[in-house]
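J.: One structure, as structure tokens, below. Some questions next.
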Amino acid sequence: MSSFREDQAAGLRRIMSGPRPRIVSVLSAMPGNAQARLIKNLGASIQDDGNNVIIVHATANTGDALTHYKLGNTPSLLEVANQRVPLNKAIKFSEQGYRISRLLPKQGSMQFQQAEGLQLDRIFGKLAQEYDIVLVDTVLNNNALPLQSLNDGEIVIQLTRDPESIKQAYILIKQVCSQLGRRSFGIVVSNASQAQAMLVFENIAQVARRFMQIDLEFMGAIPADEHLSRAEKLGRVVIDAFPMAQASAAFKALARKLDYRQAILAEIQRTSITL
Numbered sequence: 444m445s446s447f448r449e450d451q452a453a454g455l456r457r458i459m460s461g462p463r464p465r466i467v468s469v470l471s472a473m474p475g476n477a478q479a480r481l482i483k484n485l486g487a488s489i490q491d492d493g494n495n496v497i498i499v500h501a502t503a504n505t506g507d508a509l510t511h512y513k514l515g516n517t518p519s520l521l522e523v524a525n526q527r528v529p530l531n532k533a534i535k536f537s538e539q540g541y542r543i544s545r546l547l548p549k550q551g552s553m554q555f556q557q558a559e560g561l562q563l564d565r566i567f568g569k570l571a572q573e574y575d576i577v578l579v580d581t582v583l584n585n586n587a588l589p590l591q592s593l594n595d596g597e598i599v600i601q602l603t604r605d606p607e608s609i610k611q612a613y614i615l616i617k618q619v620c621s622q623l624g625r626r627s628f629g630i631v632v633s634n635a636s637q638a639q640a641m642l643v644f645e646n647i648a649q650v651a652r653r654f655m656q657i658d659l660e661f662m663g664a665i666p667a668d669e670h671l672s673r674a675e676k677l678g679r680v681v682i683d684a685f686p687m688a689q690a691s692a693a694f695k696a697l698a699r700k701l702d703y704r705q706a707i708l709a710e711i712q713r714t715s716i717t718l
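If you're matching positions, the sequence shown starts at 444 in this note's numbering and goes up one per residue.
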């Protein structure tokens, strides 16, 4: 009995000393602005739970940086790495409460010289240490994420029930594993109920396990809720504009999945260990 309780206590300590910051990169198998919408609403939900959150836009699509994140002329982390501006100048405060930064300048490229990439990775790591959770809006670059810090962190893939989206999600998984080796991925299914999302997840998880011997983790479902579009037209996130909407509840549940404090509380309740 004593040994069992010691094992439980050790497990709890591992959770409490979990990776901080938690770096979560999101890849999307959906068209349009779905990726930015997911990240902004998730970032606001995590921030609302009492965490310090920063979103990093890490693609060469400067239109997204301007349209969805309103970064405008905000300097990039690459400019910080090249010692053109201080780090604090590359961070913008959002109306939703979280911070935002961009990896690349307006005319940036995802191709870095080795020394430049190492310095950029160091700057990103320095920035990340100031936050509890870092959400990264990114794409693959030569079958990997643009920084080693991102490759070492968590990867969440967003998809829908559409067969083409499921196919694209599986391709993303294969591409990453071809470059980085076997690893786990989180799965978020958008425009679906919980039951519909679980069916999609079970199917893609079974294929991934059978053909690549990798495990996927179901992170949650985001329902097809018109309140998301209505909030976006208002320039707001759904938990702020429509806090009682189904989408708001879904984002809050997803936020708790990414919050280590919630994992600690769940483990305390499960094991009945007093800290």
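Where is the CB? At the ideal position from N, CA and C, for every residue including glycine.
Take Glu559 as the anchor and find which of Asn494, Arg679 and Leu546 has the nearest alpha-carbon.
T.: As a position in the sequence shown, residue 559 is number 116, starting the count at 1. Comparing Cα positions, the closest option is Leu546.
J.: Return yes when the Cβ of Glu522 is within less than 8 Å of the Cβ of Thr533, no when it is not.
T.: Residue numbering aside, residue 533 sits at position 90 when the sequence shown is read from its first letter. Residue numbering aside, residue 522 sits at position 79 when the sequence shown is read from its first letter. Contrary to the premise, residue 533 reads as Ala rather than Thr in this sequence. For Ala533 and Glu522, yes; Cβs fall inside 8 Å.
J.: Should the region 534 to 543 be called in touch with the region 475 to 495, which here means at least 3 C-beta pairs below 8 Å?
T.: Taking a contact to require three or more Cβ pairs closer than 8 Å, the region 534 to 543 and the region 475 to 495 qualify as touching.
J.: Going straight from the alpha carbon of Ser621 to that of Pro474, what length do you get?
T.: Along the sequence shown, read from residue 1 onward, the residue named residue 621 stands at position 178. Along the sequence shown, read from residue 1 onward, the residue named residue 474 stands at position 31. One Cα belongs to Ser621, the other to Pro474, and the distance between them is close to 24 Å.
J.: Based on Cα-Cα distance, which residue from Arg604, Thr581, Leu671 and Ser552 lies nearest to Gly596?
T.: Translated into positions along the sequence shown, residue 596 becomes position 153. Cα-wise, what sits closest to Gly596 is Thr581.
J.: Report yes if the CB atom of Arg652 is closer than 8 Å to the CB atom of Val632, and no otherwise.
T.: Working through the sequence shown from its first residue, we reach residue 652 at position 209. Working through the sequence shown from its first residue, we reach residue 632 at position 189. For Arg652 and Val632, no; Cβs fall outside 8 Å.
J.: Does DSSP put Thr505 in a helix, in a strand, or in coil?
T.: The count along the sequence shown starts at 1 and reaches residue 505 at position 62. It is helical.
J.: Between the C-alpha atoms of Gln562 and Val528, what's the straight-line distance to the nearest angstrom?
T.: The residue you call residue 562 lines up with position 119 of the sequence shown. The residue you call residue 528 lines up with position 85 of the sequence shown. Roughly 14 Å between the two C-alpha positions.
J.: For a minimum of 3 consecutive residues, which ranges assigned as the beta strand (DSSP E) are wholly contained in the region 656 to 696?
T.: If we require 3 residues or more, the beta strand (DSSP E) runs fully inside the region 656 to 696 come out as 659 to 665.
J.: Take Gly663 and list the residues in its own chain whose beta-carbon comes closer than 7 Å to its own, dropping the five residues that flank it on each side.
T.: Residue mapping note: residue 663 aligns to position 220 of the sequence shown, counting from 1. For Gly663, where only same-chain residues beyond five positions count, the Cβ hits under 7 Å are Val631, Ala693, Ala696, Leu697 and Lys700.
J.: First and last residue of the alpha helix (DSSP H) that includes Arg565?
T.: Stepping through the sequence shown from its first residue, residue 565 is reached at position 122. It spans Gln557 to Ala571 - the alpha helix (DSSP H) in which Arg565 sits, taken as one unbroken run.
J.: Have a look at Asp702 and Leu659 and give me their C-alpha separation to the nearest angstrom.
T.: Here residue 702 is taken as the residue at index 259 of the sequence shown, counted from 1. Here residue 659 is taken as the residue at index 216 of the sequence shown, counted from 1. When rounded, the distance between both Cα atoms is 19 Å.
J.: Could you tell me which residues DSSP puts in a beta bridge with Ala587?
T.: Indexing the sequence shown from 1 puts residue 587 at position 144. Per DSSP, Asn584.
J.: Out of Ser471, Ala472, Leu470 and Ala479, which one is the CA nearest neighbour of Gly678?
T.: As a position in the sequence shown, residue 678 is number 235, starting the count at 1. If we check each option's Cα against that of Gly678, Ala479 comes out closest.
J.: Going by the beta-carbon positions, is the gap between Leu588 and Asp564 smaller than 8 Å?
T.: Walking along the sequence shown from the start, residue 588 turns up at place 145. Walking along the sequence shown from the start, residue 564 turns up at place 121. Going by C-beta atoms, Leu588 is not nearer than 8 Å to Asp564.
J.: Leu602 by DSSP, collapsed to three states: which one?
T.: The residue given as residue 602 occupies position 159 in the sequence shown. Three-state result, Leu602: strand.
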